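Visitor:
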DNA sequence: CCAGATAGTTACTGACCGGTAACACCGACG
DNA sequence: CGTCGGTGTTACCGGTCAGTAACTATCTGG
């Protein structure tokens, strides 16, 4: 299943076949179909696992800097920047949403939920960190991240996505009113 | 060919077959293959036509507010916001880049070129408009737009993408130093 | 009116892919 | 020892899709 996620992410959910996944995982199609009802089901469960990881990240953030929301926010930025420079294939969720044109695909609900949750957590963090306009700042940080991960696939490593950290700091300083380099 | 672009955009380049395209265009497969070498070729030419349109948009902007870069910048924001609220399927270029996982696909070069050009034009416009940090502002506006168009596919119409205009104005005011609501 | 280019039609190939059926295999547990 | 749940293997079905071939129809220009 970890293999499935990697391959879906690397080649896209529509760009890779079940057989290729099972082969890469050292097994075969039948074994997979004894655990998952269909390819769509496998996709959904992969995304749900990714969702769990995403939720855990927020706990991690809290534990790394307990009671210090400003540090948590900076850690979020750091973490996001690493996401961008690491994955040259962007966000699993967003990519899958693009590939799955049907709006009624079951995966879409998972994606929507994760993205909304992420946005809410970010807004709460911005508020706790004392930003002046937490909702606005959260929207901006979220869209900057989303844009950076997409942009990296169009413009490569040297494009605007490389400057994400700089932009995010600009947001929390000028929009949020956080003192320079606290 | 217009039909092809619409269908590629709507269902994704991998999600629609050439038969469906030709049928929708009121013709058939053979006729298409007499004009385009392959499906990949068709994709590339569709993107190139989109690229031309994108270049024309900048001329339009210039003509709408000749010699008034600030108004041009605001018009760009207006135009971007309309893009977001109109297309619920995001940017043709970015979507195609996500779908085409191969980095050596010919379409990738077109996409990269268009995106880089867009970013450069935006940076020049920001500079002409007298923003304090034109490069930074251009990166931010670009990523906000990219993010908004992607986010709309994950979170729907009511998500952060709905607040794009507000964010863009925040950027040109607080990052660029443009007076409030000029 | 004829020639040549362009477009439509039908049918086909070959490949791939999602999903299933039937059967052999192997380890665990009683 | 037996059987039983999980696994591997092979072959297959049905569908879709990119791309081609061969032929016919239509239009245009001379």
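Residue numbers (this note's numbering), protein chains in the order written: chain A, 1 to 182; chain B, 183 to 364.
We treat Cβ as the ideally placed atom computed from N, Cα and C, and that holds for glycine.
Keep in mind the model is a prediction, meaning the values are calculated, not measured.
At the level of alpha carbons, what is the spacing between residue 364 of chain B and residue 354 of chain B?
Guide: On the second chain, residue 364 of chain B is found 182 positions in, with the first residue counted as 1. On the second chain, residue 354 of chain B is found 172 positions in, with the first residue counted as 1. A caution first: residue 364 of chain B carries a pLDDT of 48, below 50, which makes its placement in the model too unreliable to give a value.
Visitor: How long is the line joining the alpha carbons of residue 119 of chain A and residue 343 of chain B, rounded to whole angstroms?
Guide: For this step, residue 119 of chain A is matched to residue 119 along the first chain. For this step, residue 343 of chain B is matched to residue 161 along the second chain. Cα to Cα, the separation comes out at about 12 Å.
Visitor: In whole angstroms, what is the alpha-carbon distance linking residue 272 of chain B and residue 228 of chain B?
Guide: Mapped onto the second chain, residue 272 of chain B falls at position 90. Mapped onto the second chain, residue 228 of chain B falls at position 46. Looking at the two C-alpha atoms, the distance is approximately 16 Å.
Visitor: Under the assumption that residue 151 of chain A contacts residue 328 of chain B (Cβ atoms under 8 Å), give the Cβ distance between them as a whole number of angstroms.
Guide: Position 151 of the first chain, counting from 1, holds the residue named residue 151 of chain A. Position 146 of the second chain, counting from 1, holds the residue named residue 328 of chain B. Rounded, the Cβ-Cβ distance is 5 Å, consistent with contact.
Visitor: Any chance the stretch 8-26 of chain A sits against the stretch 94-101 of chain A, with 3 or more Cβ pairs inside 8 Å?
Guide: yes
Visitor: Does the stretch 304-314 of chain B touch the stretch 110-117 of chain A, meaning 3 or more C-beta pairs lie closer than 8 Å?
Guide: Verdict: no, contact absent.
Visitor: Please check the pair residue 322 of chain B and residue 167 of chain A, which I expect to be a contact at CB under 8 Å, by giving their CB distance rounded to whole angstroms.
Guide: Position 140 of the second chain, counted from the start, is the residue given in the question as residue 322 of chain B. Position 167 of the first chain, counted from the start, is the residue given in the question as residue 167 of chain A. Between residue 167 of chain A and residue 322 of chain B the Cβ distance is about 5 Å, and since that is below 8 Å, they are a contact.
Visitor: Thinking just about the alpha-carbon of each residue, which of B:185, B:263 and B:206 is nearest to the one in residue 232 of chain B?
Guide: By one-based count along the second chain, residue 232 of chain B stands at place 50. When each option's Cα is compared against that of residue 232 of chain B, the closest is B:185.
Visitor: Does DSSP put residue 65 of chain A in a helix, a strand or coil?
Guide: Mapped onto the first chain, residue 65 of chain A falls at position 65. Residue 65 of chain A falls in the coil class under three-state DSSP.
Visitor: At which residues does the alpha helix (DSSP H) containing residue 367 of chain B begin and terminate?
Guide: The structure shown does not extend to residue 367 of chain B, since chain B spans only 183 to 364, so no value can be given for it.
Visitor: Within 7 Å (strictly less), CB to CB, does residue 184 of chain B reach chain A?
Guide: Here residue 184 of chain B refers to the residue found at position 2 when the second chain is read from its first residue. Output row for residue 184 of chain B: interface = no.
Visitor: Using alpha carbons as the reference points, say which of A:72, A:164, A:134 and A:101 lies closest to residue 148 of chain A.
Guide: Here residue 148 of chain A corresponds to residue number 148 of the first chain, with the count starting at 1. Nearest option by C-alpha distance: A:164.
Visitor: Report back the beta-carbon spacing between residue 103 of chain A and residue 177 of chain A to the nearest angstrom; my notes put them in contact at under 8 Å.
Guide: As a position in the first chain, residue 103 of chain A is number 103, starting the count at 1. As a position in the first chain, residue 177 of chain A is number 177, starting the count at 1. Actually they are not in contact, since the Cβ atoms of residue 103 of chain A and residue 177 of chain A sit about 39 Å apart, beyond 8 Å.
Visitor: Can you list, in chain order, the residues of the stretch 240-251 of chain B whose Cβ is nearer than 8 Å to any Cβ on chain A?
Guide: none
Visitor: Kindly list the residues whose CB is nearer than 7 Å to the CB of residue 306 of chain B, restricted to its own chain and excluding five residues on each side of it in sequence; keep chain order.
Guide: Reading the second chain from its first residue, position 124 is the one you call residue 306 of chain B. None.
Visitor: Between the Cα of residue 290 of chain B and those of B:269, B:236, B:223 and B:214, spot the shortest distance and give me the residue it belongs to.
Guide: Here residue 290 of chain B refers to the residue found at position 108 of the second chain. Closest option to residue 290 of chain B, Cα to Cα, is B:223.
Visitor: Less than 7 Å between the C-beta atoms of residue 254 of chain B and residue 238 of chain B, yes or no?
Guide: For this step, residue 254 of chain B is matched to residue 72 along the second chain. For this step, residue 238 of chain B is matched to residue 56 along the second chain. It is not a contact, given that the beta carbons lie outside the stated cut-off.
Visitor: Any beta carbon from chain A within less than 7 Å of residue 226 of chain B's own beta carbon?
Guide: Taking the first residue of the second chain as position 1, residue 226 of chain B is located at position 44. With 7 Å as the cut-off, residue 226 of chain B does not count as an interface residue toward chain A.
Visitor: At least one CB of chain A closer than 7 Å to the CB of residue 321 of chain B: is that the case?
Guide: Your numbering for residue 321 of chain B matches position 139 in the second chain. Yes, residue 321 of chain B counts as interfacial toward chain A.
Visitor: Got a sec: which bits of the stretch 260-275 of chain B sit with their beta carbon under 8 Å from any beta carbon on chain A, in order along the chain?
Guide: Cβ contacts with chain A: 271, 272 and 275.
Visitor: Would you tell me roughly how many angstroms separate the C-alpha atoms of residue 204 of chain B and residue 105 of chain A, rounded to the nearest one?
Guide: For the purposes of this step, residue 204 of chain B is taken as the residue at position 22 of the second chain. For the purposes of this step, residue 105 of chain A is taken as the residue at position 105 of the first chain. Approximately 26 Å, taken between the alpha carbons.
Visitor: Taking the runs of the alpha helix (DSSP H) that are 4 residues or longer, which of them lie wholly in the stretch 17-73 of chain A?
Guide: 18-24, 29-33 and 39-64
Visitor: Can you list, in chain order, the residues of the stretch 273-296 of chain B whose Cβ is nearer than 7 Å to any Cβ on chain A?
Guide: 275, 276, 277, 279, 280, 281, 283, 293 and 294
Visitor: Flag residue 356 of chain B as yes if its beta-carbon sits less than 7 Å from any beta-carbon of chain A, otherwise no.
Guide: Within the second chain, numbered from 1, the residue matching residue 356 of chain B stands at position 174. Answer yes: the Cβ-Cβ gap between residue 356 of chain B and chain A drops below 7 Å somewhere.
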